[in-house]
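Visitor: Take a look at the following structure, please.
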């Protein structure tokens, strides 16, 4: 992803040569945007306070230091890695639910000498579910899939972007939070918006812990069946569709997002003039 964002810099600079904007709004994942803005004469807001000055000093100190000591330990915050036992539970849960599905699985990088096989899949899984279940290995056009009329639900780890894409598409959700703010997002989906159900995840998930299963195949099967065929599912689907319509209207002319963005542009024009 880092390499991909860097490749966007030159085309972006070429675009700015054709049209010189007075304001540049960039995501934090595009750190080169500030250099591009300076080069094009787009100055930053000069507003400063004690907090911004402190942050700048901290960043300068970190850059000029030899290293950084973190007040933690590795076992408490290990790097996330694939947890194949988790994938096996998903596979069996989906198969036992009897529902049609698309399953997106991250594609692992393998050494050339390794055989391209997936031990986490049950024997004969794809053959048994041919025409009923489809596995996508690697990147998937998630927004395109979610907006297809045949999609009846979306199992998500409740990251905000994916959650928002599901809500905007008007699709009911199966919430499976793992860590960070995802458990709070699950509460929003289930208890407040009431557009989804949970798989019963109760613990913050440290994936490298071998042999520990946080959500079992029976939980996944139950959640899928509950969302697709149970009586309460119709109410969930109805609320999800209504919320999806609200999201679409928000970006149309006269909608809330449209109006707020228009107000921002007007404010920028006034400051420029």
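In my numbering, the protein residues as written are 448 to 720. Glycine residues also receive a C-beta, built at the ideal position from the N, C-alpha and C atoms. Here the structure is a predicted model, which is why all the values come from computation and not from measurement.
With respect to the beta strand (DSSP E) encompassing residue 448, which residues constitute its N-terminal and C-terminal limits?
Guide: Looking at the DSSP string, residue 448 is not in any beta strand (DSSP E), and its letter there is neither H nor E.
Visitor: Going by alpha carbons, who is nearest to residue 648 out of 613, 616, 603?
Guide: 603
Visitor: When the Cα atoms are used, what is the spatial distance from residue 608 to residue 629?
Guide: Cα to Cα, residue 608 sits roughly 11 Å from residue 629.
Visitor: Report the three-state DSSP secondary structure of residue 529 (helix, strand or coil).
Guide: Caution applies to residue 529, whose pLDDT of 40 falls short of 50 and renders its modelled position unreliable; the value that the coordinates give is listed next. Residue state, collapsed to three classes: coil.
Visitor: Check whether the stretch 673-689 and the stretch 613-631 touch, using three or more Cβ-Cβ pairs below 8 Å as the test.
Guide: yes
Visitor: Keeping to the same chain, check which residues put their C-beta closer than 6 Å to that of residue 685; ignore five residues upstream and five downstream.
Guide: none
Visitor: Kindly list the residues whose CB is nearer than 7 Å to the CB of residue 637, restricted to its own chain and excluding five residues on each side of it in sequence; keep chain order.
Guide: 622, 643, 644, 645
Visitor: Would residue 502 be called buried (16 or more neighbouring beta carbons within 10 Å of its own) or exposed?
Guide: When all chains shown are included, residue 502 counts as exposed.
Visitor: Which of helix, strand or coil does DSSP assign to residue 679?
Guide: helix
Visitor: Are the stretch 538-555 and the stretch 662-671 in contact at 8 Å, needing three or more beta carbon pairs?
Guide: yes
Visitor: Tell me where the beta strand (DSSP E) around residue 620 begins and ends.
Guide: Run containing residue 620: 620-622, per the beta strand (DSSP E) assignment.
Visitor: On the criterion of 16 or more Cβ atoms from any shown chain inside 10 Å, does residue 427 qualify as buried, or is it exposed?
Guide: In this structure the chain extends from 448 to 720, so residue 427 is not present and cannot be described.
Visitor: Going by CA-CA distance only, name the one from 453, 545, 703, 550 that's closest to residue 474.
Guide: Measuring from the Cα of residue 474, the nearest candidate turns out to be 453.
Visitor: How would you label residue 614, buried or exposed, when you count the other beta carbons within 10 angstroms and need 16 or more for buried?
Guide: buried
Visitor: Where residue 530 and residue 569 are concerned, what is the direct C-alpha to C-alpha distance, given to the nearest angstrom?
Guide: Reliability of the predicted coordinates at residue 530 is poor, the pLDDT of 45 falling under 50, and no value is obtained from them.
Visitor: Could you check what DSSP says for residue 483 in three-state terms: helix, strand or coil?
Guide: The DSSP-derived three-state label of residue 483 is helix.
Visitor: Taking the alpha-carbon positions, what's the residue 575 to residue 617 distance?
Guide: Whole-angstrom Cα-Cα distance: 31 Å.
Visitor: Flag this pair as yes or no: are the beta carbons of residue 548 and residue 585 separated by less than 8 Å?
Guide: Between residue 548 and residue 585, the gap from beta carbon to beta carbon reaches 8 Å or more.
Visitor: Quick one: Cα of residue 469 to Cα of residue 456, how far?
Guide: 18 Å
Visitor: Which same chain residues end up closer than 6 Å to residue 464 when comparing Cβ atoms and leaving out the 5 residues on each side of it in sequence?
Guide: The same chain holds no residue with a CB closer than 6 Å to that of residue 464 once the five nearest residues on each side in sequence are set aside.
Visitor: For the alpha helix (DSSP H) holding residue 592, just list the boundary residues, first then last.
Guide: 589-593
Visitor: Out of 552, 690, 449, which one is the CA nearest neighbour of residue 589?
Guide: 552
Visitor: Please report the straight-line C-alpha distance between residue 577 and residue 702, rounded to a whole angstrom.
Guide: 43 Å
Visitor: For residue 693 and residue 610, I'd like the C-alpha separation in whole angstroms.
Guide: 15 Å
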